[in-house]
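K.L.:
If you scroll down you'll find the structure; I have some questions about it.
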Ligand SMILES: NC(=O)c1ccc[n+]([C@@H]2O[C@H](COP(=O)([O-])OP(=O)(O)OC[C@H]3O[C@@H](n4cnc5c(N)ncnc54)[C@H](OP(=O)(O)O)[C@@H]3O)[C@@H](O)[C@H]2O)c1
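Residue numbers (this note's numbering): 11 to 342.
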């Protein structure tokens, strides 16, 4: 009799497929923690992994889900005790190691972050990797001198998970935000989060010259490709671009001119292998001074494990908005 349910992904001679399966519980080994999960979430990467439309997983079969929040059920590491509320994002979760789309998660204790007061399992997963990544982008920009008085910050892929949290967070901290979105029907949502200007994907200012009129003091880019190239050409002197995503393409065709003539910085954002001390610090900030004020409204849906395949297709088709939380536990 299996002990719990999990959304498991296979890739073998029978093809790429995923669905709910029964699993047996395993006690934590030395240095590991067993988590009774409450919630997970859906990130772009989860949709790529769950459908096989991106090469995300490094081994099969694997339980999907790069995010998890819940309580420690058993710990074989002295840093954690039964009942501790915790959050896990990134590292190998849902990529090389079974992930958060299950009622139980067993992971190395080194990957587990104590949930700071001010966040519960639901709000931690409303943030999830997307919220953590928006905070990491801001952290990298601020560390490199970003300030609200330097000028506007543009956010691409603005109605997505990372994008909507970035718009909310930057606005709360006093930045003037321009949101770039391909979804005119969600204009009201972006205005509500605080975006001062909202433009379509084909309305970014500037042409194809290596340097165009300087507009942006900062940029949070979830799209990549031609949109990122266009941002490099239109940054103000010493502006920062946080490169997060590739929803529009993974290539970047630009010149060195913005970097050597305007001192523009292209800052890489890697939420997966973010060093643990920064990770802890960012979760603490997200619970307090960096808590997005409209977090609950940014959650557009709460789904169960059964709902995942349909959500994945919608997300990859560009038809989701904000964050999608996954209720993992069928018990209680
Ligand atoms: N570096 C990291 O550590 C890290 C962490 C998390 C996510 N990411 C990446 O960041 C990106 C956003 O992730 P997410 O979870 O927020 O995904 P998401 O919720 O699906 O958001 C992506 C947004 O990008 C826009 N978009 C989609 N397809 C596009 C296209 N073809 N051209 C231009 N814009 C397009 C859409 O916004 P509009 O309709 O409003 O334009 C969409 O809502 C993904 O590429 C993801 O892989 C990276």
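Ideal Cβ placement from N, Cα and C applies to all residues, glycine included.
Remember, it's a predicted structure, so these values are computed and weren't measured experimentally.
1. Just reading off the beta strand (DSSP E) that residue 17 is part of, what are its end residues?
2. Helix, strand or coil: which one does DSSP assign to residue 55?
3. With distances taken from CA atoms, which of 174, 37 and 237 is nearest residue 138?
4. With a cut-off of 8 angstroms on the beta carbons, I'd call residue 230 and residue 163 a contact; round off their distance for me.
5. First and last residue of the alpha helix (DSSP H) that includes residue 293?
6. What are the start and end residues of the alpha helix (DSSP H) that includes residue 171?
7. Cβ of residue 61 versus every heavy atom of ligand 1: is any distance shorter than 7 angstroms?
8. Assuming residue 126 and residue 301 are in contact, meaning their beta carbons sit under 8 angstroms apart, how far apart are those beta carbons, in whole angstroms?
9. Runs of 4 residues minimum, wholly inside the stretch 310–340: which ones carry the alpha helix (DSSP H) assignment?
10. Say the cut is 7 angstroms; is the CB of residue 280 nearer than that to a heavy atom of ligand 1?
11. Locate the alpha helix (DSSP H) running through residue 150, then write down its first and last residues.
12. Expressed to the nearest angstrom, what Euclidean distance is found between the alpha-carbon atoms of residue 324 and residue 266?
13. Assess, as a yes-or-no matter, whether the stretch 255–270 is touched by the stretch 301–319 under the definition of 3 or more beta carbon pairs within less than 8 angstroms.
P.N.:
Taking the coordinates as given:
1. Counted from its first residue, the chain shown places residue 17 at position 7. Element bounds for residue 17: 14–22.
2. To locate residue 55, count along the chain shown from 1; it is residue 45. Helix at residue 55.
3. Your numbering for residue 138 matches position 128 in the chain shown. Among 174, 37 and 237, the Cα nearest to that of residue 138 is on 174.
4. The residue labelled residue 230 in the question sits at position 220 within the chain shown. The residue labelled residue 163 in the question sits at position 153 within the chain shown. Contact flag correct, Cβ pair sits at about 7 angstroms.
5. Taking the first residue of the chain shown as 1, we reach residue 293 at position 283. For residue 293, the enclosing alpha helix (DSSP H) stretches over residues 286–297.
6. Within the chain shown, numbered from 1, the residue matching residue 171 stands at position 161. Counting along the chain, the alpha helix (DSSP H) containing residue 171 begins and ends at 171–182.
7. Reading the chain shown from its first residue, position 51 is the one you call residue 61. No; taking the cut-off as 7 angstroms, the Cβ of residue 61 has no heavy atom of ligand 1 nearer than that.
8. Along the chain shown, one-based indexing puts residue 126 at 116. Along the chain shown, one-based indexing puts residue 301 at 291. About 10 angstroms separates the two Cβ atoms, so there is no contact after all.
9. 318–326
10. Residue 280 sits at position 270 when you count from the first residue of the chain shown. The answer is yes for residue 280.
11. Mapped onto the chain shown, residue 150 falls at position 140. That run of the alpha helix (DSSP H) goes 131–153.
12. Taking the chain shown and counting its residues from 1, the one referred to as residue 324 is at position 314. Taking the chain shown and counting its residues from 1, the one referred to as residue 266 is at position 256. Between residue 324 and residue 266, the C-alpha separation is close to 37 angstroms.
13. no
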